[in-house]
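Novice: The numbers in my numbering rise by one with no breaks, and the one at position 106 of the sequence shown is 640.
Handing you this structure, nothing more for now.
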Amino acid sequence: QNILNDSSDFKIEIFLDKKNNTITIKDNGIGMTHDEVISNIGTIAKSGSRAFTEALKKSKNSKDDLSIIGQFGVGFYSSFMIANKIILNTKSADSDNGVKWISNGEGSFTIEDMKKE
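See below:
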């Protein structure tokens with residue numbers, strides 16, 4: 535089953551809140567399930583930096599490099615260079631409930647199910 539249709543207009547919005555010193559990034563993508571958050575966001579070390587380094591060595595050009603970086607979540611984790619805490623709220627198109635993932639970037643995270651409004 536394809537949850538996307540040809541008329542899907544994907545959108546990414548960025549909100550800066552200077553008062554609370556936050557950056558919010560919102561999209562209307564397909565989201566992730568609880569298990570997908572754990573395997574894709576919760577474990578950059580799932581195959582680890584070793585696999586990332588090996589894949590990068592094998593790449594032939596910079597387009598491959600960008601694809602590899604996205605595959606291993608390096609782009610996501612680079613946000614800890616400017617943030618001391620990341621909160622990810624997501625809801626899979628296949629689920630009624632959402633997931634909240636929180637980390638300070640020091641090797642641990644919390645994850646909880648949430649009702650998505």
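Cβ atoms here follow ideal geometry from the backbone N, Cα and C, with glycine treated the same way.
Give the straight-line distance between the Cα atoms of Ser629 and Thr567, rounded to the nearest whole angstrom.
Specialist: 7 angstroms
Novice: Exposed or buried, what is Gly641 when buried is set at 16 or more other beta-carbons lying within 10 Å of its beta-carbon?
Specialist: By the 10 Å Cβ count, Gly641 comes out exposed.
Novice: Exposed or buried, Ser637, counting other C-beta atoms within 10 Å across all chains shown (16 or more means buried)?
Specialist: Its Cβ being crowded by 16 or more others within 10 Å, Ser637 is buried.
Novice: Would you mind stating whether Ile548 and Thr558 have Cβ atoms separated by less than 9 angstroms?
Specialist: A contact, by the Cβ cut-off of 9 angstroms.
Novice: How long is the line joining the alpha carbons of Ile645 and Lys552, rounded to whole angstroms?
Specialist: 27 angstroms
Novice: With a 10 Å radius around its C-beta and 16 neighbouring C-beta atoms as the bar for buried, classify Thr624 as buried or exposed.
Specialist: buried
Novice: How is the alpha helix (DSSP H) around Asp569 delimited, first residue to last?
Specialist: 568-574
Novice: Ignore the nearest five residues each way along the sequence and tell me which others in Gly576's own chain have a CB closer than 8 angstroms to its CB.
Specialist: Trp635, Phe643, Ile645
Novice: What span of residues does the beta strand (DSSP E) with Glu646 cover, start to end?
Specialist: 643-649
Novice: Determine the extent of the beta strand (DSSP E) in which Glu547 is found, giving its start and end residues.
Specialist: Counting along the chain, the unbroken beta strand (DSSP E) around Glu547 starts and ends at 546-551.
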